[in-house]
Each structure stands twice: as structure tokens, then as C-alpha cells.
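Peer 1:
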Amino acid sequence: MKRQLGIVGAVLVLAAGSIGMAPEHTRDPNGCGKTDRGWLCMGSPAGGHRPGVYKSSYARHQGAEITVKLGYEIKMKRTGVIAESKWLGTKKTRNGYAAFSKRLPMGDDACIRAKMRHNGKKYISKYLSC
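What follows is the structure, given as C-alpha cells:
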């Protein structure tokens, strides 16, 4: 009986310890959004709101290589109006990754996010630093 109680106690201690070690819920990184099988992200110089080279990228974590169309949308913070929405190009993923970059004259009032089209479905990331 003592041995059984000792085993039950050890199991309870291990279970309680593993609860504290459970990974915390992670938020989507700034400028990124989950897709069915990967991440769609917008990368920028110094967190956005500055002129520079911005990159719309897709990183696939499941499945075979696919062809995606990548672009961006710029929204004005004050009005909420989409000021510019362009496609940068179409590319097949290589090792699960595809990206396009473009130099943009971003201002303090502008927010940018990535957009992607695959098999007739459109995906968008979260706005970068908006």
C-alpha cells in the first residue's frame, strides 16, 4: 500500500511539474499571419514606417512546393483607406520559401501588410507596426 501511494504521489508531482513547463501560447510575429500550411510575412527596415526595402514572404511548413503570387497592401492609419495594393510577382516555393522585395517610400501614417494568392484563395498577413 505504501509503495502504491509513493508511485501515485510521484506521478502527481511529475504531472504538476509538466503543467508549469507547458509552452505558453505564442502570438503571430509582427507583420505575419498563419496560412493553411505556413506563414505569410511582411519584413521591413527598422520595423516599418520608413522608406526602404520591404519584403513579402511565404514560408511553407507542410506539403510539397507550390506556386504563389505575392504582394502588399498599404493602409493609411488616419483614414483606414487602402492607399496601394500591388502584386510583386508569382514564384514557386523553393525549400518551402518564396519572397519578393521592393523599395517603398513609406511614411509615418502608412501601415503595410503582405498578401498572397494560391489556388484562387487570398491570404493576408497582419499589418506591420500599425
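When we follow the numbering used here, the leftmost residue of the sequence shown carries the number 7, and every step to the right adds one.
Cβ atoms here follow ideal geometry from the backbone N, Cα and C, with glycine treated the same way.
#1: Can the beta-carbon of asparagine 36 be found closer than 8 Å to that of leucine 134?
#2: Might you give, ordered along the chain, the residues of its own chain that have their beta carbon closer than 6 Å to the beta carbon of alanine 104, omitting 5 neighbours on each side?
#3: To which residues of the same chain is methionine 82 closer than 7 Å at the C-beta, ignoring the five residues directly before and after it?
#4: Along the chain, where does the beta strand (DSSP E) containing threonine 96 start, and where does it finish?
#5: Applying the 10 Å Cβ sphere with the 16-neighbour rule, what's the burial state of alanine 120?
#6: Between the Cα of valine 87 and those of Tyr60, Cys38 and Ile118, spot the shortest distance and give me the residue it belongs to.
#7: Nearest by alpha-carbon distance to lysine 61: which of Lys127, Met122 and Lys128 is it?
#8: Could you check if serine 135 belongs to the surroundings of the ligand SAM, using beta carbon to heavy atom distance under 7 Å?
#9: Taking the beta carbon of serine 131 as the centre, do at least 16 other beta carbons fall within 10 Å, making it buried, or is it exposed?
#10: Give me the residue from Gly102, Tyr129, Lys128 and Lys127 with the minimum Cα distance to lysine 66.
#11: Roughly how many whole angstroms lie between the Cα atoms of glutamate 71 and glycine 113?
Peer 2: In terms of the structure at hand:
#1: For the purposes of this step, residue 36 is identified with residue 30 of the sequence shown, where counting begins at 1. For the purposes of this step, residue 134 is identified with residue 128 of the sequence shown, where counting begins at 1. Contact: yes.
#2: Sequence index remark: in the sequence shown, residue 104 carries index 98 (1-based). Result list for alanine 104: Tyr64, Val74 and Lys97, in chain order.
#3: Translated into the one-based positions of the sequence shown, residue 82 becomes position 76. The residues are Ala89, Asp115 and Ala116.
#4: Stepping through the sequence shown from its first residue, residue 96 is reached at position 90. Here the beta strand (DSSP E) through threonine 96 covers 88–98.
#5: By 1-based counting over the sequence shown, the position of residue 120 is 114. Per the 10 Å Cβ criterion, buried.
#6: Here residue 87 refers to the residue found at position 81 when the sequence shown is read from its first residue. Of the candidates Tyr60, Cys38 and Ile118, the one whose C-alpha sits nearest the C-alpha of valine 87 is Ile118.
#7: Taking the first residue of the sequence shown as 1, we reach residue 61 at position 55. Ranking Lys127, Met122 and Lys128 by Cα distance to lysine 61 puts Met122 first.
#8: Judged by which ligands are present, the structure shown has none, so any question about the ligand SAM falls away.
#9: Mapped onto the sequence shown, residue 131 falls at position 125. Classification for serine 131: buried.
#10: By 1-based counting over the sequence shown, the position of residue 66 is 60. Note on identity: in this sequence residue 66 is arginine, with lysine being the wrong assignment. Arginine 66 has its Cα closest to that of Gly102, out of Gly102, Tyr129, Lys128 and Lys127.
#11: Residue numbering aside, residue 71 sits at position 65 when the sequence shown is read from its first letter. Residue numbering aside, residue 113 sits at position 107 when the sequence shown is read from its first letter. Those two C-alpha atoms are separated by around 36 Å.
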